[in-house]
Amino acid sequence: MVAIMTMTPVHMRLHHHELGAVGLVIGLHVGAMYLPSLVTGVLVDRLGRTPMAVAAGVTLLAAGVVAALAPGDSLGLLIIALMLLGLGWNFGLIAGTALVVDATVPANRPRVQGTIDVLIALAGAGGGVLSGVVMTATSYAVLSLAGGVLALILIPALWWARRRSARPAGVFGGTDG
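When you number the sequence shown by full-length UniProt numbering, it's gap-free, plus one each residue, and the end is 177.
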């Protein structure tokens with residue numbers, strides 16, 4: 001998500017969008033990252049953690065495809081792509097946090113969640129740095145498609161985690177609810 005978000009303003013400026021348009025796209029993206037939290041938690045509880053995590057992967061893929069296929073001068077499609085990107089991030093963060101809570105005993109939870117938060121921050125920093133390299137070497141479209149496809153890693157990762165959780169409690173001391 002960070003890679004696409006980071007390079008969208010650069011892509012937009014290369015296609016002569018005004019700074020106000022760039023601010024609008026990024027502002028709506030950030031809104032889509034956080035505002036849905038008001039209902040995403042309820043959806044995670046009602047529909048389940050795994051289905052919402054899969055929805056995150058699919059939504060992030062859709063964001064990458066829309067961003068990749070959007071003409072450079074299409075403000076509307078870039079808004080849709082970045083709002084989908086924010087929404088997919090939201091689904092993934094809330095579902096993922098719920099999975100961590102379910103899979104850990106209270107005594108281990110702060111350490112595990114803190115470790116995951118650090119890894120997320122490092123992955124975001126790495127994605128931000130690599131996004132410039134990828135976009136310079138290829139294009140915004142390739143970067144966006146790659147980001148969308150990488151998001152699908154969530155699905156086999158969930159399958160693997162669910163298989164693992166069928167075994168007795170391990171490092172995290174809990175199960176995958």
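Even glycine gets a Cβ: it sits at the ideal position worked out from N, Cα and C. All of these numbers come straight from a predicted model, not from anything done at the bench.
Would you kindly check if the distance between the Cβ of residue 30 and the Cβ of residue 9 is under 8 Å? Counting from 1 along the sequence shown, the entry for residue 9 is found at position 9. Counting from 1 along the sequence shown, the entry for residue 30 is found at position 30. Taking 8 Å as the cut-off, the beta carbon of residue 9 is found no closer than this to the beta carbon of residue 30.
Residue 104, DSSP secondary structure in three states: In the sequence shown, the residue the question calls residue 104 occupies position 104. When DSSP states are grouped into helix, strand and coil, residue 104 belongs to the strand group.
Quick check: residue 75 and residue 4, are their CB atoms within less than 8 Å of each other? Your numbering for residue 75 matches position 75 in the sequence shown. Your numbering for residue 4 matches position 4 in the sequence shown. With respect to the 8 Å criterion, residue 75 and residue 4 are not classified as neighbours on the basis of their beta carbons.
For a test of the three-state rule: what should DSSP assign to residue 45, helix, strand or coil? Within the sequence shown, numbered from 1, the residue matching residue 45 stands at position 45. Of the three classes helix, strand and coil, the one that applies to residue 45 here is helix, per DSSP.
Using the three-state DSSP reduction, which class does residue 153 fall into: helix, strand or coil? Counted from its first residue, the sequence shown places residue 153 at position 153. Note: residue 153 maps to coil in three-state DSSP.
Could you please give the first and the last residue of the uninterrupted alpha helix (DSSP H) stretch that includes residue 5? Working through the sequence shown from its first residue, we reach residue 5 at position 5. 2–14 is the extent of the alpha helix (DSSP H) around residue 5.
Contact set for residue 151: own chain, Cβ-Cβ below 6 Å, skip 5 residues either direction: On the sequence shown, position 151 is the one that residue 151 refers to. The beta carbon of residue 151 sits closer than 6 Å to those of 57, 60, 61, all from its chain and outside the five residues before and after it, given in chain order.
Contacts around residue 100, its chain only, beta-carbon distance under 7 Å, and the 5 residues preceding and following it disregarded: Counted from its first residue, the sequence shown places residue 100 at position 100. Residues 112, 113, 116 of the same chain have their beta carbon placed closer than 7 Å to that of residue 100, with the five preceding and five following residues left out of the count.
How would you call residue 49, buried or exposed, if buried means at least 16 neighbouring beta carbons within 10 angstroms? Taking the first residue of the sequence shown as position 1, residue 49 is located at position 49. When all chains shown are included, residue 49 counts as buried.
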